[in-house]
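J.: Here it is, the structure in full.
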Amino acid sequence: MRKVIRFKPEMLDKVLSGSKTSTVRLNGVEYGRDLILTDGRRVVAATLVEQSRMKVSEALRYFRDEGFQSQEEFLRYLKRIYRDVGLQDQVTIVRFSLTR
(Lines of atoms letter the chains of each structure in order from A and count residues from 1; the text may use other names and numbers.)
(Lines give C-alpha, C1' and ligand atoms only; values in the text may rest on other atoms or scores of the structure.)
Protein backbone atom coordinates (compact mmCIF):
# COMPACT_ATOMS: atom_id res chain seq x y z
CA MET A 1 0.00 0.00 0.00
CA ARG A 2 1.17 3.46 -0.82
CA LYS A 3 1.75 6.00 1.93
CA VAL A 4 2.85 9.24 0.21
CA ILE A 5 0.50 11.49 -1.77
CA ARG A 6 2.13 14.29 -3.76
CA PHE A 7 0.32 17.57 -4.38
CA LYS A 8 1.02 20.70 -6.36
CA PRO A 9 1.92 23.53 -3.92
CA GLU A 10 -1.38 25.35 -4.47
CA MET A 11 -3.31 22.15 -3.67
CA LEU A 12 -1.32 21.53 -0.48
CA ASP A 13 -2.18 25.11 0.50
CA LYS A 14 -5.86 24.14 0.23
CA VAL A 15 -5.20 21.02 2.34
CA LEU A 16 -3.50 23.10 5.03
CA SER A 17 -6.33 25.67 5.04
CA GLY A 18 -8.88 22.88 5.50
CA SER A 19 -10.72 23.57 2.24
CA LYS A 20 -9.42 20.34 0.61
CA THR A 21 -10.13 17.07 2.44
CA SER A 22 -9.86 14.60 -0.42
CA THR A 23 -7.97 13.95 -3.62
CA VAL A 24 -8.77 12.22 -6.89
CA ARG A 25 -6.14 9.91 -8.34
CA LEU A 26 -6.22 8.27 -11.76
CA ASN A 27 -4.15 5.33 -10.55
CA GLY A 28 -5.78 2.35 -8.88
CA VAL A 29 -3.33 2.36 -5.98
CA GLU A 30 -4.55 1.57 -2.48
CA TYR A 31 -3.34 3.85 0.28
CA GLY A 32 -2.50 2.87 3.84
CA ARG A 33 -4.08 4.28 7.00
CA ASP A 34 -1.17 6.62 7.79
CA LEU A 35 -0.46 9.09 5.00
CA ILE A 36 2.20 11.64 4.19
CA LEU A 37 1.01 14.57 2.09
CA THR A 38 3.75 16.59 0.39
CA ASP A 39 4.47 19.10 -2.34
CA GLY A 40 8.15 18.12 -2.32
CA ARG A 41 9.03 20.90 0.12
CA ARG A 42 6.44 20.66 2.89
CA VAL A 43 5.39 17.42 4.59
CA VAL A 44 2.09 16.92 6.42
CA ALA A 45 0.87 13.85 8.32
CA ALA A 46 -2.68 12.66 7.65
CA THR A 47 -4.96 9.70 8.29
CA LEU A 48 -6.94 7.91 5.61
CA VAL A 49 -10.67 8.33 6.22
CA GLU A 50 -11.98 6.47 3.18
CA GLN A 51 -11.06 5.54 -0.36
CA SER A 52 -13.29 4.38 -3.18
CA ARG A 53 -13.23 3.84 -6.94
CA MET A 54 -15.73 5.53 -9.23
CA LYS A 55 -16.08 7.17 -12.61
CA VAL A 56 -14.94 10.76 -13.05
CA SER A 57 -18.57 11.72 -13.74
CA GLU A 58 -19.48 10.46 -10.24
CA ALA A 59 -16.40 11.96 -8.57
CA LEU A 60 -17.33 15.46 -9.72
CA ARG A 61 -19.92 15.67 -6.93
CA TYR A 62 -17.01 15.93 -4.46
CA PHE A 63 -15.82 19.24 -5.91
CA ARG A 64 -16.20 21.06 -2.58
CA ASP A 65 -14.11 18.43 -0.74
CA GLU A 66 -11.46 19.04 -3.42
CA GLY A 67 -11.45 22.79 -2.68
CA PHE A 68 -13.27 23.91 -5.86
CA GLN A 69 -16.28 26.18 -6.33
CA SER A 70 -18.02 24.12 -9.03
CA GLN A 71 -17.98 20.79 -10.83
CA GLU A 72 -16.87 22.56 -14.00
CA GLU A 73 -13.86 24.13 -12.25
CA PHE A 74 -12.94 20.74 -10.78
CA LEU A 75 -13.21 18.99 -14.17
CA ARG A 76 -11.02 21.67 -15.83
CA TYR A 77 -8.38 21.08 -13.16
CA LEU A 78 -8.51 17.29 -13.59
CA LYS A 79 -8.08 17.68 -17.36
CA ARG A 80 -5.09 19.95 -16.76
CA ILE A 81 -3.44 17.32 -14.54
CA TYR A 82 -4.59 14.18 -16.40
CA ARG A 83 -4.80 15.43 -19.99
CA ASP A 84 -6.69 12.49 -21.48
CA VAL A 85 -9.11 11.88 -18.60
CA GLY A 86 -12.75 11.40 -19.61
CA LEU A 87 -16.00 11.28 -17.70
CA GLN A 88 -16.11 7.46 -17.94
CA ASP A 89 -12.56 6.89 -16.64
CA GLN A 90 -12.17 5.25 -13.23
CA VAL A 91 -10.52 7.26 -10.45
CA THR A 92 -9.77 6.72 -6.79
CA ILE A 93 -11.20 9.20 -4.28
CA VAL A 94 -8.96 9.40 -1.22
CA ARG A 95 -10.53 11.19 1.76
CA PHE A 96 -8.18 12.16 4.58
CA SER A 97 -7.92 14.16 7.79
CA LEU A 98 -4.81 15.96 8.94
CA THR A 99 -3.01 14.60 11.98
CA ARG A 100 -2.39 17.47 14.37
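Numbering (my numbering), first residue to last: 244 to 343. Every residue, glycine too, gets a C-beta built ideally from N, C-alpha and C.
By Cβ distance below 6 Å, which residues in the same chain neighbour Gln314 in space, the five residues on each side in sequence not counted?
T.: Here residue 314 is taken as the residue at index 71 of the sequence shown, counted from 1. Around Gln314: Leu303, Phe306.
J.: Spell out a yes or no on whether the stretch 249-266 and the stretch 334-341 are touching, meaning 3 or more CB-CB pairs, one atom from each, closer than 8 Å.
T.: yes
J.: Taking the C-alpha atoms as reference points, what is the distance between Val328 and Lys322?
T.: Here residue 328 corresponds to residue number 85 of the sequence shown, with the count starting at 1. Here residue 322 corresponds to residue number 79 of the sequence shown, with the count starting at 1. If I take the Cα positions, the gap works out to 6 Å.
J.: Do the CB positions of Asp282 and Leu318 come within less than 8 Å of each other?
T.: Indexing the sequence shown from 1 puts residue 282 at position 39. Indexing the sequence shown from 1 puts residue 318 at position 75. No, these two residues do not count as a Cβ contact at 8 Å.
J.: For Leu278 and Lys246, which I take to be in contact (beta-carbon distance under 8 Å), what is that distance rounded to the nearest angstrom?
T.: Position 35 of the sequence shown holds residue 278. Position 3 of the sequence shown holds residue 246. With 8 Å as the limit, Leu278 and Lys246 qualify as a contact, their Cβ atoms being about 6 Å apart.
J.: Can you grab the Cα-Cα spacing for the pair Asp332 / Val299, in whole Å?
T.: Translated into positions along the sequence shown, residue 332 becomes position 89. Translated into positions along the sequence shown, residue 299 becomes position 56. Rounded to whole angstroms, Asp332 to Val299 spans 6 Å at the Cα level.
J.: Would DSSP call Val299 helix, strand or coil?
T.: In the sequence shown, residue 299 corresponds to position 56, counting from 1. Note: Val299 maps to helix in three-state DSSP.
J.: Under the DSSP definition of a beta bridge, which residues are partnered with Leu255?
T.: As a first step, residue 255 is located in the sequence shown; it is residue number 12 there, counting from the start. None, per the DSSP bridge assignment.
J.: Grouping DSSP H, G and I as helix and E and B as strand, with all else coil, what is Arg285?
T.: Your numbering for residue 285 matches position 42 in the sequence shown. Coil, per DSSP.
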